[in-house]
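A.B. asks: Following this message is one structure expressed as structure tokens.
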Amino acid sequence: MDYLIVSDTHGDRQILADIIAHYKGHVRAMFYNGDSELQRSDELFDTLLPVIGNMDDDSMFPDDRDYEDEFIKIYQTHGHLVHTELSLNQLREVVSNKDVEVVTSGHTHMLGAEKIDGKLFINPGSISLPKGPYAYLKGTYAILTVQPEKFIVQFYTRDLQPVPGLKFEFDR
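So for the sequence shown, the UniProt record's numbering puts the first residue at 1; every next one is plus one.
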């Protein structure tokens, strides 16, 4: 089962619309990790599961979300409220007693996937304003594939293409 994770469009509504159009009906759920700079009433959020980012001013976005279906349990946040720009320590503390397998955030604009404390932490990077060693890709998002024995995280570029070398597998 596949799940889309995207974050930090910073007003680039068109790229978000393009990604939704491409994946609608092909993924189980679509997570938007904040900093859209759009209003919660925007029709794009009829399809996405959003949380608020530090650049969002619509209080109708939740701070975070616990998501569960028959395949996975996910905790979603933007990251600014737990200062992920400094480290993952506060986020790790927030999820330490949560019964989730995956923790997804944004905020730093830097992609990443790593297993910490038995949980898979995923940051899809920024689709519009990337930072860090992969900024040259000009924006990324992630697809999480959930299988009975493992997770697969594949990062993609703005042109909806997988990034060679940015596919990671983790045991469940």
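Just so it is clear, CB atoms sit at the ideal spot from N, CA and C, and this is done for glycine as well.
#1: How about residue 104 and residue 5: are their beta carbons less than 7 angstroms apart?
#2: Going by other Cβ atoms of all chains shown within 10 Å of its Cβ, with 16 needed for buried, is residue 89 buried or exposed?
#3: For residue 182, does the three-state DSSP call read helix, strand or coil?
#4: Excluding five sequence neighbours on each side, which residues of the same chain lie with their C-beta closer than 6 angstroms to the C-beta of residue 112?
#5: To the nearest angstrom, how far is it from the Cα of residue 172 to the Cα of residue 91?
#6: Can you tell me the Cβ-Cβ gap for residue 52 and residue 45, rounded? I've got them flagged as a contact below 8 angstroms.
#7: Roughly how many angstroms lie between the CA atoms of residue 25 and residue 143, to the nearest whole one?
#8: Among the residues of its own chain, which have a CB less than 6 angstroms from the CB of residue 23, if the five just before and after it don't count?
#9: With DSSP as the reference, identify every bridge partner of residue 121, one or two as the case may be.
#10: For residue 149 and residue 158, what's the separation of their Cα atoms in angstroms?
#11: At which residues does the alpha helix (DSSP H) containing residue 21 begin and terminate?
#12: Are the Cβ atoms of residue 84 and residue 108 separated by less than 7 angstroms?
C.D. replies: In this structure, then:
#1: Walking along the sequence shown from the start, residue 104 turns up at place 104. Walking along the sequence shown from the start, residue 5 turns up at place 5. Yes, they are a contact pair.
#2: If you number the sequence shown from 1, residue 89 lands on position 89. Residue 89 should be labelled exposed.
#3: Limits of the chain in this structure are 1 at one end and 172 at the other, which puts residue 182 out of reach.
#4: The sequence position of residue 112 within the sequence shown is 112, counting from 1. The beta carbon of residue 112 is closer than 6 angstroms to those of 123 in its chain, skipping five residues each way along the sequence.
#5: On the sequence shown, residue 172 is found 172 positions in, with the first residue counted as 1. On the sequence shown, residue 91 is found 91 positions in, with the first residue counted as 1. When rounded, the distance between both Cα atoms is 20 angstroms.
#6: On the sequence shown, position 52 is the one that residue 52 refers to. On the sequence shown, position 45 is the one that residue 45 refers to. Taking a contact as a CB-CB distance under 8 angstroms, the pair residue 52 and residue 45 does not count as one, their CB atoms being some 12 angstroms apart.
#7: As a position in the sequence shown, residue 25 is number 25, starting the count at 1. As a position in the sequence shown, residue 143 is number 143, starting the count at 1. Each residue's Cα considered, the two are about 14 angstroms apart.
#8: Taking the first residue of the sequence shown as 1, we reach residue 23 at position 23. Within the same chain, residue 23 has close Cβ partners 4.
#9: Your numbering for residue 121 matches position 121 in the sequence shown. Among the bridge pairs identified by DSSP, residue 121 is matched with 103, 114.
#10: Within the sequence shown, residue 149 is the residue found at index 149, counting from 1. Within the sequence shown, residue 158 is the residue found at index 158, counting from 1. In this structure, the straight-line span from the alpha carbon of residue 149 to that of residue 158 is close to 30 angstroms.
#11: Position 21 of the sequence shown, counted from the start, is the residue given in the question as residue 21. Element bounds for residue 21: 13-23.
#12: For the purposes of this step, residue 84 is taken as the residue at position 84 of the sequence shown. For the purposes of this step, residue 108 is taken as the residue at position 108 of the sequence shown. The answer is yes: Cβ separation under 7 angstroms.
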